[in-house]
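Everything on this sheet refers to the single structure shown next.
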Amino acid sequence: ASLMHNVMSQLRRYQEERQASAGQKWKLPPAGQPISLFSGPTDGKTRTLIRPADDVIFRVYCADHTFCTLRFPINTSANEIKVSAADKLGLRHPREDLLLVELKSSGEKVTFRDAEISIPTALSLNGRLFVSPKDHLDALTLIPEQENPTEGMDFDMELFSTKELAYHMTLFDWDLFWSVHEYELLYQTFGRLRFSQITANLDVFLRRFNEIQYWVITELLLTPNLSKRVQILRKMIKLACYCKDYQNLNAFFAVVMGLSNVAVSRLSLTWEKLSSKSRKIFTELESLIDPSRNHRNYRSYVGKLQSPVIPFMPLLIKDMTFVHEGN
């Protein structure tokens, strides 16, 4: 009885929030930023729950980097998107000869199957959508906005309290995490095409991890002044500590993994200028994300926490996939 009560409560919560967030429109900014609310209910409340019928505005490119802007519901199939984009871009090819492709900033190409949905939210960080004939995939090249950034963010991190920054990051991350329904985890684990249901909220939360991780890397690598770079490094270590204190373990992992990135580790002069106390703290933080023995340190730590906790989502999905495939 207790289990069924919990299941029904979760179902009611999901239905109520979906009803409350009716009529929202989302936009996928062209410069690779995360999806953002374009318009929604007029009650003044900001919501992050993405529904199947919510519209999303996004771009689709072709090989010469011309593009069209489309507006479709989140649950629109890749086939519908590619046909509409090809028509607007003047690609006169049979639809069976066309592919909808994500071109990642690494140059990797990922082809979407015709029945796939949640396409705009499934894009990787800084990825772009292209429509292309099957035999012209090699002609797809990165657009200029996908090239390496030339400068860090506009604001000076030293002007912000690290604790306050971690606090607001956690509030934002909790909102994203709370929008992920349990069913989306099942769709991800058992295979999205088997259910024809959106996983947009899970996509956005998973992307958030990469956003934080690469933000850390970018800020450090694009700071030319050594003393300022040391200050940012120290602040990032403190940020990881506060995320851990707030039990935002997804952001905690993202920050520490960003600091552990090879490109950051090679900043030997920067690390040498860091105080021994800060280096010791970072070593302790790294031990918590140590993947050895199936993330034993992390699992032991999480097991002692009281709710609420924002978990390290990639590991949770890995565990669910392992259980599913093992059965």
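Numbers 147 to 473, taken from our numbering, label the letters of the sequence shown in order.
Don't be surprised by glycine CBs; every beta carbon is placed ideally from N, CA and C.
- Check the Cα spacing between Asp349 and each of Asn440, Ala199 and Leu269: the tightest is with Leu269.
- Here the C-alpha atom of Leu368 lies approximately 32 Å from the C-alpha atom of Asn443.
- Distance from the CA of Pro437 to the CA of Phe351, rounded to the nearest whole angstrom, comes to 21 Å.
- Tyr392 and Trp361 have their alpha carbons spaced roughly 20 Å apart.
- In the structure shown, the three-state DSSP call for Cys214 is strand.
- In this structure, the straight-line span from the alpha carbon of Phe468 to that of Lys374 is close to 44 Å.
- Boundaries around Asp201 are those of the beta strand (DSSP E), Asp201 to Tyr207, since no alpha helix (DSSP H) includes it.
- Distance from the CA of Phe213 to the CA of Pro240, rounded to the nearest whole angstrom, comes to 19 Å.
- Gly404 sits buried, since 16 or more C-beta atoms from the chains shown fall within 10 Å of its C-beta.
- Closest in C-alpha terms to Leu379, from the list Ile363, Lys390, Tyr388 and Pro457, comes Ile363.
- For Pro457 and Leu431, the gap between their C-alpha atoms comes out near 16 Å.
- Note that the C-beta distance between Pro266 and Phe204 is below 9 Å.
- Ile289 is positioned such that its CB atom lies closer than 9 Å to that of Tyr207.
- Around Ser325, the same chain offers Thr194, Leu195 and Asn347 as residues with beta carbons nearer than 6 Å, after the five sequence neighbours per side are excluded.
- Taken atom to atom, the span from the alpha-carbon of Leu415 to that of Ile427 is near 18 Å.
- Listed as beta-bridge partners of Pro219 by DSSP are Asp201.
- If only uninterrupted alpha helix (DSSP H) runs of at least 4 residues are considered, those enclosed by the segment 375-454 are 395-405, 408-411, 414-419, 422-434 and 438-448.
- For Arg274, the three-state secondary structure derived from DSSP is strand.
- Rounded to the nearest whole angstrom, the CA to CA distance from Met315 to Phe323 is 12 Å.
- Checking the DSSP bridge columns, you'll see Phe355 has no partner listed.
- One alpha carbon belongs to Glu328, the other to Arg197, and they sit about 14 Å apart.
- Classified as buried, Ala231 has 16 or more neighbouring CB atoms from the shown chains inside 10 Å of its CB.
- Spatial neighbours of Leu244 in its own chain (CB-CB distance under 8 Å, excluding positions within 5 residues in sequence) are listed in chain order as Lys228, Val229, Ala232, Leu237, Val277, Ser278, Pro279 and Lys280.
- In the DSSP assignment, the residues bridged to Thr257 are Val247.
- Residue burial annotation: Val408 is exposed, with fewer than 16 other C-beta atoms found within 10 angstroms of its C-beta.
- Setting aside the 5 residues that flank it on each side, Leu339 is surrounded in the same chain by Arg259, Ala261 and Glu262, each with a C-beta closer than 8 Å to its C-beta; the list follows chain order.
- DSSP lists Lys173 as the beta-bridge partner residues of Ser182.
- Within its own chain, the residues whose Cβ lies closer than 8 Å to the Cβ of Leu395, once the five positions on either side in sequence are excluded, are Cys389, Tyr444, Val448, Val455, Ile456, Pro457 and Phe458, listed in chain order.
- Bounds of any alpha helix (DSSP H) do not take in His327, whose DSSP letter is neither H nor E.
- Where Ser230 is concerned, the enclosing alpha helix (DSSP H) starts and stops at Ala224 to Leu235.
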